[in-house]
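Student: Residue numbers (UniProt numbering), protein chains in the order written: chain Z, 1 to 336; chain H, 1 to 336; chain G, 1 to 336; chain A, 1 to 336.
Note that CB positions come from ideal geometry on N, CA and C, so glycine has one too.
Computed from a predicted model, the values in this text were never measured in an experiment.
Number of protein chains: 4
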Amino acid sequence: MGEIALPNGIGNGNSINGVNGQSQSLNGYRKSCWYEEEIEEDLRWCFALNSILHTGASQYQDIALLDTKPFGKALVIDGKLQSAETDEFIYHECLVHPALLYHPSPKNVFIMGGGEGSTARELLRHKTIDKVVMCDIDEEVVNFCKSYLVVNKEAFRDTRLEVIINDARAELEARDDESYDVIVGDLADPIDGGPCYKLYTKSFYEFIVKPKLQQGGIFVTQAGPAGIFSHTEVFSCIYNTLRQVFKYVVPYSAHIPSYADIWGWVMASDSPLDLSAEELDLRMRQRIKGENRYLDGKTFSSASTLSKTVRKSLDNETHVYTEEAARFIHGHGKHA
Amino acid sequence: MGEIALPNGIGNGNSINGVNGQSQSLNGYRKSCWYEEEIEEDLRWCFALNSILHTGASQYQDIALLDTKPFGKALVIDGKLQSAETDEFIYHECLVHPALLYHPSPKNVFIMGGGEGSTARELLRHKTIDKVVMCDIDEEVVNFCKSYLVVNKEAFRDTRLEVIINDARAELEARDDESYDVIVGDLADPIDGGPCYKLYTKSFYEFIVKPKLQQGGIFVTQAGPAGIFSHTEVFSCIYNTLRQVFKYVVPYSAHIPSYADIWGWVMASDSPLDLSAEELDLRMRQRIKGENRYLDGKTFSSASTLSKTVRKSLDNETHVYTEEAARFIHGHGKHA
Amino acid sequence: MGEIALPNGIGNGNSINGVNGQSQSLNGYRKSCWYEEEIEEDLRWCFALNSILHTGASQYQDIALLDTKPFGKALVIDGKLQSAETDEFIYHECLVHPALLYHPSPKNVFIMGGGEGSTARELLRHKTIDKVVMCDIDEEVVNFCKSYLVVNKEAFRDTRLEVIINDARAELEARDDESYDVIVGDLADPIDGGPCYKLYTKSFYEFIVKPKLQQGGIFVTQAGPAGIFSHTEVFSCIYNTLRQVFKYVVPYSAHIPSYADIWGWVMASDSPLDLSAEELDLRMRQRIKGENRYLDGKTFSSASTLSKTVRKSLDNETHVYTEEAARFIHGHGKHA
Amino acid sequence: MGEIALPNGIGNGNSINGVNGQSQSLNGYRKSCWYEEEIEEDLRWCFALNSILHTGASQYQDIALLDTKPFGKALVIDGKLQSAETDEFIYHECLVHPALLYHPSPKNVFIMGGGEGSTARELLRHKTIDKVVMCDIDEEVVNFCKSYLVVNKEAFRDTRLEVIINDARAELEARDDESYDVIVGDLADPIDGGPCYKLYTKSFYEFIVKPKLQQGGIFVTQAGPAGIFSHTEVFSCIYNTLRQVFKYVVPYSAHIPSYADIWGWVMASDSPLDLSAEELDLRMRQRIKGENRYLDGKTFSSASTLSKTVRKSLDNETHVYTEEAARFIHGHGKHA
C-alpha cells in the first residue's frame with residue numbers, strides 16, 4: 001500500500017504539514033473523524049475533528065479537550081460539551097456581567113464550580129473586584145483546564161483569585177464568617193445521576209446561598225437549555241424555585257451555537273433588578289476592563305425579554321426543586 | 001461548569017488517567033469520537049477513536065495514524081483505511097508467503113509500493129532472502145511509517161532492505177541489469193482518480209513485470225476486495241488480466257475484519273503453482289523465522305478455493321485492464 | 001432467526017403496533033434509523049427517524065417528507081430541512097405577521113415561493129386580507145405539500161388564495177396591472193448552484209419588487225441563518241442590499257430548534273416601521289384569527305433587538321447582492 | 001421556501017418520481033437517511049436507506065423491514081440485522097444444504113425458529129422432504145415475514161410445511177411420538193438478556209435434541225460470528241458444547257457482506273460426516289430443485305476448512321454452554 005505512480009515524472013516528496021491550511025487536499029481525511037454528542041437520545045450534533053488533544057479522568061468525571069473544526073478547542077466532560085473556544089464568551093459574558101453590573105459595587109464573589117476558569121476570567125475584568133473564590137470539587141478538571149486552556153492562564157495567575165477544591169455547599173457552610181456581593185452558580189447541568197441537582201434546590205438557595213449574600217447581594221446561576229421546547233427541562237423550574245426564595249428574579253437567555261440551543265441564566269436578589277440599557281452600557285464602560293464581544297445593554301434587554309411561548313410557560317411553572325423532586329436533562333453522570 | 005457535589009464527603013482527586021482501565025467510566029467519552037469510512041457512497045464503517053496520533057500530507061496523499069478502539073492503531077491514507085494493527089498480519093501474510101513458498105528458493109524480491117514496511121517485514125522473515133528492494137513513490141508515507149509504526153522498525157533497519165523513492169515502473173525499467181525471483185505488488189487500490197491503475201494493466205505486466213522475473217519467478221499482487229459482490233470491482237479483472245500474460249494464475253482471498261470485506265490476491269507465474277498443504281507447512285517450518293499467525297497449508301488451500309459464485313464470475317470475466325480501460329473501486333484520490 | 005425461548009411459559013403473541021407509544025420497547029429499533037443533515041461540511045445535525053413518509057423529485061429539486069422523532073414530520077428539499085412540524089410556526093409567524101401588522105390595512109399579498117403553504121396559511125389568518133397570490137416555480141413541491149401537509153389543507157382550499165406555477169420574477173413582471181400591500185419572500189436559501197440568488201439582488205428589489213408595492217407597502221423576506229457566526233453568510237448582505245433600496249429596514253431573528261440555529265428575516269419599506277409592543281399586541285387581537293403560539297409584541301421587540309455582535313457586523317456590512325456578486329451558504333442545488 | 005427561479009424559461013413540472021432511476025438527482029436526499037447498527041459498542045455499520053417499509057413489535061421483539069441501498073430489503077429485529085435481500089441466500093444455503101446432503105435421505109425436518117421462512121424455503125427445495133415443522137415462538141415475526149417477504153410466499157404456502165407458534169424446547173418435548181432426520185437451529189443470536197441461550201446448552205442438546213433425532217440423524221445450528229476475532233464470542237463455545245454431545249462435529253463458515261463479518265454454523269451427528277466435494281455436487285444435482293447460488297462441493301470444502309487461527313482456538317476451547325454459564329455477543333434483547 002502507499003505507492004503511487006508518478007503523475008509528473010518527478011518523484012521528490014516535499015514535506016507538508018497536514019495541519020496548517022490545505023483544507024482542499026485534506027478534506028478527505030478531515031471529514032473522517034467526528035465528535036458526536038447525543039443532545040437527546042434521538043438527536044445528535046456532530047463536529048468534524050482535527051485532533052483529540054488530551055483526555056483524562058477524575059474520580060468524578062471523564063475529561064477531554066478536542067480540537068474541532070467548526071468550534072475550535074472544545075472541553076468535553078462525561079461526553080457532554082462544556083465549552084467551545086469560539087463561543088464560550090457568550091456563555092461567560094451572560095453568566096457574569098449582568099449580576100455584577102446590577103450590583104452597585106461588587107467586591108467579593110463566590111463561584112460554585114467554574115473549574116474551567118472562564119467565569120473567574122470574566123469576573124476579574126471588573127475593576128471593583130477585590131476577591132474571587134472559585135470552589136470546584138474536581139481537582140483534575142481544574143488542573144486540566146489550568147494546563148490546557150491558554151485563554152484562562154492569566155486569570156488563574158491573578159492574586160485576587162482563590163481556588164478551593166471542595167463541595168460548594170460544604171465550603172459555603174464552612175466560611176461562616178464570610179459573605180459575598182455576588183454568588184455565581186457555574187455548575188454542571190443537573191444530569192440524571194449527576195449529583196449537582198442538590199445545588200439547585202429551594203432549601204439550598206434559602207438556607208445556604210441567601211444567608212451568604214450581603215445586603216443588596218445578587219445570586220446568578222446558569223440554568224440549562226432555554227429553547228422553545230427545551231426550557232421546560234430545567235430552566236423553568238430553576239426560575240420558579242428561585243421565585244420562592246428571592247423577591248426579584250430575572251430569567252434571560254442567549255443562543256450558543258456549539259450547544260445547538262438557546263441557553264438560560266437566572267439572576268435573583270431581594271433588591272430591585274432594573275437598569276436601562278443605557279445605564280448598563282455606562283457601567284460597562286466604567287467598570288469592565290476591555291470590551292465585551294457579545295453583551296451590551298441592548299443585548300441584555302433583548303436577552304431578558306423572553307418569547308411569548310417561554311414567558312407563558314415560566315409564568316405557569318409550578319414545579320419547585322427539592323432534594324426529593326429533581327428534574328433532569330438528558331445524559332448520564334458517572335454516578336448514575 | 002465542572003463542579004460536582006460531593007457524594008461521599010471525600011474530595012481528593014486521583015491523578016488523571018485517561019487510558020488505563022476505567023472502560024466503564026470512560027465509555028461515555030470514548031464513544032463520542034469516531035472514525036468514519038465511506039466504503040461505498042451508501043455504506044459506512046465507523047470505529048470509535050481513542051485518539052488521533054498523527055496527521056500529515058505529501059504531494060500525493062493525506063496520511064493519518066489513528067488509535068481506534070476496535071482495531072488498534074490504523075494507518076489511513078486519503079481517508080481510506082490502509083492497515084490496522086490488530087489484523088494487518090492477515091493481509092501481509094497472505095500477500096507475501098504463498099509466492100515465496102511456491103518458489104523453490106527466493107533470494108531477490110522487488111516490492112512495488114509497500115511504504116508501510118509490513119510487506120518487507122514479512123519477506124525478511126524468509127531465511128533464503130538476500131535482498132529486498134522496496135520502491136514507493138511517496139517519501140512522506142515511508143518516513144511517516146518508519147517513525148510511527150513500531151512493529152516495522154526492525155525491518156526498516158534490516159541491511160537486506162533497500163528503500164527507493166521512485167515510481168515502480170520507472171525503477172523497474174531503470175534496473176535493466178537486475179531481475180527478481182519474486183515481484184510483489186503492494187499498491188494502493190486503483191481508486192478513481194488515483195494513478196495506480198497504470199500498474200495493473202496487461203501491458204505493464206507483459207512488458208515490465210514479466211521480463212524482470214528470473215526463470216521460475218513469481219509475481220503476486222494485492223487485488224482489492226474479493227467479496228461475493230465486491231470481487232467484480234477489480235479482483236476479477238486483475239485475475240483475468242494476469243491470465244492473459246502468465247501460464248499459471250492463482251487467485252485467493254481472506255476476510256480482513258477492519259476492511260469489512262474479503263480481500264483478494266493473485267499469484268502468477270509461467271512455472272506450475274501446485275503444492276499440497278503438507279508441503280507448504282513443511283516449507284514454512286524450514287524457511288520462515290517465527291510462526292505465522294494466520295497462514296498455514298490448510299488455510300491457503302481454503303483461501304485458494306473460492307466460492308461457487310466468485311469462481312464462476314472469475315471464469316466468465318472478459319475485461320482486461322489497459323491504460324485505456326481501467327476499472328475503479330469507490331473513493332477519490334487527490335488527483336481526481 | 002427470530003425464535004425466542006419462552007420466558008414466562010405462555011406463548012401467545014399479541015399484535016402490537018410499533019408506531020403508537022412503547023418508546024421503551026422500541027428504542028433499540030427507533031434509534032437505528034437516522035436523518036443526517038450536513039449543516040456545514042464539518043457540522044452535522046442528526047434526527048432519529050420513525051419513518052420515511054414520502055419521497056419525490058421534480059425537475060428542480062428532490063423532495064422528501066420524513067417522520068422524525070425530535071421534530072415530527074419534516075419537509076426536506078435537496079437534502080436540506082425546509083420545515084419541521086413542531087417548530088415551523090416560529091418561522092412562519094415571524095415571516096408573515098410583523099409586516100402585515102405594521103401595515104395599516106393589508107389587503108393584497110404576493111408570496112414569492114412558499115410552495116409549502118404555511119406562509120399562505122398564516123397570511124389568511126388576517127381578517128383584512130382579500131387576496132393572496134402564491135407563486136412557486138415547482139409544481140411538484142406544491143402538489144406534494146398539498147397532498148401531504150395536513151396542517152395546510154384548509155389554506156390551500158381558501159378561495160382568497162391564488163396558486164401560480166411560475167418564476168416569481170416573470171410573474172411579477174407579467175402582472176403589470178397589479179400591485180400589493182405586502183410582498184413576502186419565502187424563497188429557498190441562496191444555495192451555491194441554486195438559482196434563487198437572482199431574487200435577492202439590489203436590481204431585483206429596486207426594479208421589480210419596489211414598483212409592485214402600493215403606497216405604504218412593505219416587503220419582507222426570509223434572510224437565512226442569523227446566528228452569531230452564521231449571520232455573515234447571507235443575513236447581513238440581504239440586510240445591506242435592502243438598505244440600498246428602501247428608506248426603512250428592520251432585521252430581526254429567532255431561534256428555530258430544528259435548524260440548529262438562529263434564523264433571520266428582513267422587513268423593508270419607504271414608510272416608517274415603528275410600533276410599540278402594545279400596539280402590535282392590540283393589532284394582533286383585532287386582526288388575526290386565533291392566537292399566535294410564538295409571536296407577540298414583546299417577542300418582536302426582542303427579536304428585532306439584535307445582539308451587539310450581530311448589530312455591529314450588520315452596521316459594517318458593505319457587500320451588496322448583485323447578479324455578478326452573490327454570496328452563498330453551504331449546500332448544493334441540483335443545478336450546481 | 002421551495003421557490004426556484006426559472007433557469008430555462010420553461011416551468012412545466014414533471015410528475016413526481018422518487019423511486020425509478022434519477023439516482024443522480026436523488027443522491028443528495030438518498031444519502032441523508034441511514035440505518036445504523038452497533039456491531040460492537042465501538043464499531044458501527046451504516047446503510048443508506050431508501051425507505052422504512054414496515055415496523056412492528058411483538059411481546060418479545062421489535063421488528064422492522066427496511067429498504068436499504070447497499071443490501072436491498074433488510075429484516076431488523078431488536079435493532080439487529082437478521083437478513084438482507086441481497087445476501088440471505090448465503091446464510092440459508094449454508095445452514096440448510098450441508099446437513100441435508102450429508103444425510104442419506106432426509107424426510108422429516110424440525111426447524112427451531114426460522115420465522116422468516118427462508119430456512120423452510122431452502123429445505124423445501126429438497127425432493128426427499130415429506131414434512132418440515134417450523135417452530136417459532138413469535139407469531140408477529142412469522143406473520144410479518146409471511147406478509148412482507150415475497151421471496152418466501154411460496155414456501156409459506158407449501159403443504160409440507162407445518163408452522164407452529166411455540167417455544168422450540170416445549171414443542172420438541174411435547175412431540176414425544178415424533179423424531180426427525182434433521183433438526184435445524186435457526187435461532188436468534190444468544191444476545192445478552194435474550195433468552196435464546198437456553199437453546200444452546202449441553203443439556204438441551206443432550207436431553208432434548210439428540211433423542212429427537214432418528215438413527216443417522218443430523219443436527220445443524222447457526223453459530224454466530226466466526227471471524228478471526230469474533231469466533232470466540234459464541235462460535236467456538238457452540239462447537240465445543242456440541243463436541244461433548246455428538247461423535248462427529250463439523251464447524252464451517254462463510255462471509256456474509258451485510259453482517260460485516262464471517263458467519264459460522266456447526267453440524268453434528270453420531271454418524272460419520274464425510275463426503276467429497278464431488279459427492280456433494282452429485283447429491284445436489286440429484287436432490288435439490290433449482291441451482292444454488294453460493295454453495296457447491298468446493299465451496300463447502302473451503303467453508304469447512306477454517307483458518308489456522310480459528311482452527312487452533314476451536315481446538316483449545318474448553319468452555320461448555322450450560323444454563324449457568326452462557327456466553328453472549330454484543331446487543332440487548334427486550335428482556336435484558
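Give every residue of the same chain whose Cβ lies closer than 8 Å to the Cβ of T318 (chain Z), excluding the five residues on either side of it in the sequence, and list them in chain order.
Tutor: Here the set comprises N240.
Student: Y35 (chain H) versus chain Z: which residues are under 7 Å apart at the beta carbon?
Tutor: Chain Z residues near Y35 (chain H): S32 and C33.
Student: Straight-line CA distance for K312 (chain A) to C94 (chain H)?
Tutor: Near 18 Å, if we compare the C-alpha coordinates of C94 (chain H) and K312 (chain A).
Student: I want to know whether the segment 127-137 of chain Z touches the segment 109-118 of chain Z - three or more CB-CB distances under 8 Å.
Tutor: As far as the Cβ criterion goes, the segment 127-137 of chain Z touches the segment 109-118 of chain Z, which means the pair count is three or higher.
Student: At a Cβ threshold of 7 Å, is S203 (chain H) touching chain Z?
Tutor: No - not a single Cβ of chain Z is within 7 Å of the one on S203 (chain H).
Student: Taking R157 (chain A) as the reference, give the member of A:P257, A:K73, A:N143 and A:T305 with the closest Cα.
Tutor: For the residues A:P257, A:K73, A:N143 and A:T305, the minimum Cα distance to R157 (chain A) belongs to A:N143.
Student: Identify every residue that forms a DSSP beta bridge with M284 (chain H).
Tutor: BP columns for M284 (chain H) are empty, so no partner.
Student: For a quick check, are the C-beta atoms of Y102 (chain G) and L273 (chain G) less than 7 Å apart?
Tutor: Yes, they are a contact pair.
Student: Assign G185 (chain Z) to buried or exposed, taking buried as 16 or more other Cβ atoms, counted over all protein chains shown, within 10 Å of its Cβ.
Tutor: With 16 or more Cβ atoms within 10 Å of its Cβ, G185 (chain Z) is classed as buried.
Student: Here's the rule I'm using: 16 or more other beta-carbon atoms within 10 Å means buried, otherwise exposed. How should S302 (chain Z) be labelled?
Tutor: Counting Cβ neighbours within 10 Å, S302 (chain Z) comes out buried, since at least 16 surround it.
Student: Pick helix, strand or coil for V151 (chain Z), following the three-state DSSP scheme.
Tutor: V151 (chain Z) falls in the helix class under three-state DSSP.
Student: If contact means a Cβ-Cβ distance below 9 Å, which residues of the segment 112-146 of chain A contact chain H?
Tutor: The residues in question: there are none.
Student: For chain A, is any of its Cβ atoms less than 7 Å away from the one on K107 (chain H)?
Tutor: Not closer than 7 Å to any Cβ of chain A, the Cβ of K107 (chain H) fails to qualify, so no.
Student: Beta carbons nearer than 8 Å to chain Z: which residues of the segment 254-267 of chain G have them?
Tutor: Going along the segment 254-267 of chain G in chain order, one finds A254, H255, P257, A260, D261 and I262 with a Cβ nearer than 8 Å to chain Z.
Student: Between Q59 (chain Z) and chain G, is any beta-carbon pair separated by less than 7 Å?
Tutor: Closer than 7 Å: no.
Student: How long is the line joining the alpha carbons of A120 (chain Z) and V209 (chain Z), rounded to whole angstroms?
Tutor: One C-alpha to the other measures close to 19 Å.
Student: What is the DSSP secondary structure of N240 (chain Z), counted as helix, strand or coil?
Tutor: Of the three classes helix, strand and coil, the one that applies to N240 (chain Z) here is helix, per DSSP.
Student: By the 10 Å Cβ neighbour count, where 16 or more other Cβ atoms means buried, how is R283 (chain G) classified, buried or exposed?
Tutor: Per the 10 Å Cβ criterion, buried.
Student: Can you check whether the C-beta of S51 (chain H) is within less than 7 Å of a C-beta belonging to chain Z?
Tutor: It does; some Cβ of chain Z falls within 7 Å.
Student: Under DSSP, the beta strand (DSSP E) around V209 (chain H) begins and ends at which residues?
Tutor: First-last for V209 (chain H): undefined, no H or E at that position.
Student: Alpha carbons only, please: which of A:S276, A:E291 and A:L242 is nearest the one belonging to L314 (chain A)?
Tutor: For L314 (chain A), the nearest C-alpha among the options comes from A:L242.
Student: Per DSSP, what kind of secondary structure is H255 (chain H) in: helix, strand or coil?
Tutor: It is a strand residue.
Student: Beta-carbon separation of residue 339 (chain G) and P225 (chain G) under 7 Å?
Tutor: Residue 339 (chain G) falls outside the range modelled here, since chain G spans only 1 to 336, and no answer is possible.
Student: Using 8 Å for Cβ pairs, my map puts E154 (chain G) next to I164 (chain G). What's the rounded Cβ distance?
Tutor: Not confirmed; about 20 Å, so no contact.
Student: Once DSSP output is grouped into helix, strand and coil, what is the label at F300 (chain A)?
Tutor: DSSP places F300 (chain A) in helix when its eight states are reduced to three.
Student: According to DSSP, is Y321 (chain Z) part of a helix, a strand, or is it coil?
Tutor: Reduced to three states, the DSSP call for Y321 (chain Z) is coil.
Student: Is any beta-carbon of chain Z found at less than 7 Å from that of G79 (chain H)?
Tutor: Taking Cβ atoms only, chain Z reaches closer than 7 Å to G79 (chain H), which makes this a yes.
Student: Would V108 (chain H) pass as a contact of K127 (chain H) if the rule is Cβ separation under 7 Å?
Tutor: Reading off the sequence, residue 108 (chain H) comes out as Asn, not Val. The answer is no: Cβ separation not under 7 Å.
Student: Which residues, in order along the segment 61-75 of chain G, keep a beta-carbon less than 9 Å from a beta-carbon of chain Z?
Tutor: Answer in chain order: T68, K69, P70 and F71.
Student: Short of 8 Å in beta carbon distance, which residues of its chain neighbour R44 (chain G), apart from the five on each side in sequence? Order them along the chain.
Tutor: Here the set comprises E36, E37 and E38.
Student: Consult DSSP for R293 (chain Z) and reduce its assignment to one of helix, strand or coil.
Tutor: If DSSP states are grouped into helix, strand and coil, R293 (chain Z) belongs with coil.
Student: By DSSP, does G18 (chain A) sit in helix, in strand, or in coil?
Tutor: Residue confidence is low: G18 (chain A) scores 29 on pLDDT, short of 50, so the model does not pin down where it sits. Its coordinate-derived value is still stated next. The answer is coil: DSSP assigns G18 (chain A) none of H, G, I, E or B.
Student: Rounded to whole angstroms, what is the Cα-Cα separation between S25 (chain H) and I63 (chain Z)?
Tutor: Summary for S25 (chain H): the model assigns pLDDT 33, below 50, so the residue's position carries little reliability; its value from the coordinates is reported in the next sentence. Near 11 Å, if we compare the C-alpha coordinates of I63 (chain Z) and S25 (chain H).
Student: Verify the CB distance criterion: does S179 (chain G) have a CB-CB separation below 7 Å to chain D?
Tutor: Protein chains Z, H, G and A are contained in the structure displayed, whereas chain D is not.
Student: Between which two residues does the beta strand (DSSP E) harbouring A188 (chain Z) extend?
Tutor: Neither: A188 (chain Z) is in no beta strand (DSSP E) and is coded neither H nor E.
Student: Return the bridge partner residues of F219 (chain G) from the DSSP annotation.
Tutor: Its beta-bridge partners are G:I183 and G:A268.
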